[in-house]
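Enquirer:
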Amino acid sequence: MPPHSTGEHHGLLAETEPYAALWLRWDEGGAAEAVTLPDCPVPPLEADADACCLFSGHPERHTWDVPAYSEEISCTS
Ligand SMILES: [Zn+2]
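With numbering that gives the first Met the number 0 as the guide, the letters of the sequence shown map in order to residues 0 to 76.
(1) From the DSSP output, in three-state form, read off Phe38 for me.
(2) What I want to know is whether the C-beta of Val41 ends up closer than 7 Å to one or more non-hydrogen atoms of ligand 1.
(3) Which class does Asp26 belong to by DSSP, given the choice of helix, strand or coil?
(4) Quick one, which of Val65, Glu45, Phe54 has its alpha-carbon nearest Val34's?
(5) Select from Leu11, Cys51, Ala20, Pro58 the residue whose C-alpha is nearest the C-alpha of Pro66.
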């Protein structure tokens, strides 16, 4: 997985709603906040693939486009 291109990081805390989740967002300075973000709306290219686990507007690639994600991230949706 490529390194983050920005100083901002996200970690999934919980699926709180059918189409949104609570994320912990923090930056290099150590400041962190919990934010509710809508789920990524971009469907996978393959119809039978799992939906993207990330939030709407996330940087980098969709989880369905990164095979290693299924091993590194436990997608609760
Ligand atoms: Zn996505």
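Think of the CB as a built atom: it goes at the ideal place given N, C-alpha and C, for glycine as much as any other residue.
From a predicted model like this one, the values you see are computed outputs, not experimental measurements.
Expert: Checking against the coordinates, here is how it stands:
(1) This sequence places Asp at residue 38; Phe is not what is there. Asp38 falls in the strand class under three-state DSSP.
(2) yes
(3) Note: Asp26 maps to strand in three-state DSSP.
(4) Phe54
(5) The shortest C-alpha separation from Pro66 is found at Cys51.
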